[in-house]
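Engineer:
In our numbering, the protein residues as written are 90 to 224.
#1: On the DSSP bridge list, what partners appear for residue 105?
#2: Counting beta carbon pairs with one atom in the region 154–165 and one in the region 180–196, are three or more of them shorter than 8 angstroms?
#3: What is the DSSP secondary structure of residue 203, reduced to helix, strand or coil?
#4: Does the separation of the CB atoms of residue 121 and residue 145 fall below 8 angstroms?
#5: Within a Cβ cutoff of 8 angstroms, which residues of the same chain sit near residue 128, ignoring the five residues on either side of it in sequence?
#6: Measure from the alpha carbon of residue 93 to the alpha carbon of each residue in 210, 147 and 143, then state which is nearest.
#7: Within this structure, are the beta carbons of residue 131 and residue 90 separated by less than 8 angstroms?
#8: Could you tell me which residues DSSP puts in a beta bridge with residue 196?
#9: Span of the alpha helix (DSSP H) holding residue 191?
#10: Going by the DSSP bridge assignment, what does residue 208 pair with across the sheet?
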């Protein structure tokens, strides 16, 4: 992961974050200043992992990744769980919303932002304040 980070962090980065469970799986997500983004995953071959197309294998000399491919569609944006990585993933989620808005998917972005707001409030242990329509 450290070597991948050296390569993937050469361009100016707006944000990067990741998580690691020693000996099982690690990932790192990058958002660049031009709003391009990428994810890098590394995992133990014994870890239960489902891989859905499309993906780009950076290093797979024994074609192991093909054994993990399942015939299922990739997760849809509508099924993303808001705030799944807490504050650390918040910039990534907001950038996703900006990308959706720039592509004309305002309904998707607004629904996600509403769910994200609820998840953030719930994580702080407070009841969500009532939503009032704009005056």
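We put the beta carbon where it would ideally sit given N, CA and C, even for glycine.
Only a predicted model underlies this, so the values are computations on that prediction, with no experimental measurement involved.
Structural biologist: Looking at the atomic coordinates:
#1: Stepping through the chain shown from its first residue, residue 105 is reached at position 16. In DSSP, residue 105 forms a bridge with 119.
#2: no
#3: Numbered from 1 along the chain shown, position 114 holds the residue referred to as residue 203. Helix, per DSSP.
#4: Taking the first residue of the chain shown as position 1, residue 121 is located at position 32. Taking the first residue of the chain shown as position 1, residue 145 is located at position 56. Not closer than 8 angstroms, so no.
#5: Walking along the chain shown from the start, residue 128 turns up at place 39. 116, 117, 118 and 119, listed in sequence order.
#6: In the chain shown, the residue the question calls residue 93 occupies position 4. Closest option to residue 93, Cα to Cα, is 147.
#7: As a position in the chain shown, residue 131 is number 42, starting the count at 1. As a position in the chain shown, residue 90 is number 1, starting the count at 1. Cβ atoms of residue 131 and residue 90: closer than 8 angstroms.
#8: In the chain shown, residue 196 corresponds to position 107, counting from 1. The partner list for residue 196 (beta bridge, DSSP) is empty, contrary to what the question assumes.
#9: Along the chain shown, read from residue 1 onward, the residue named residue 191 stands at position 102. Its alpha helix (DSSP H) spans residues 179–191.
#10: Translated into positions along the chain shown, residue 208 becomes position 119. Bridge partners of residue 208: none, in fact.
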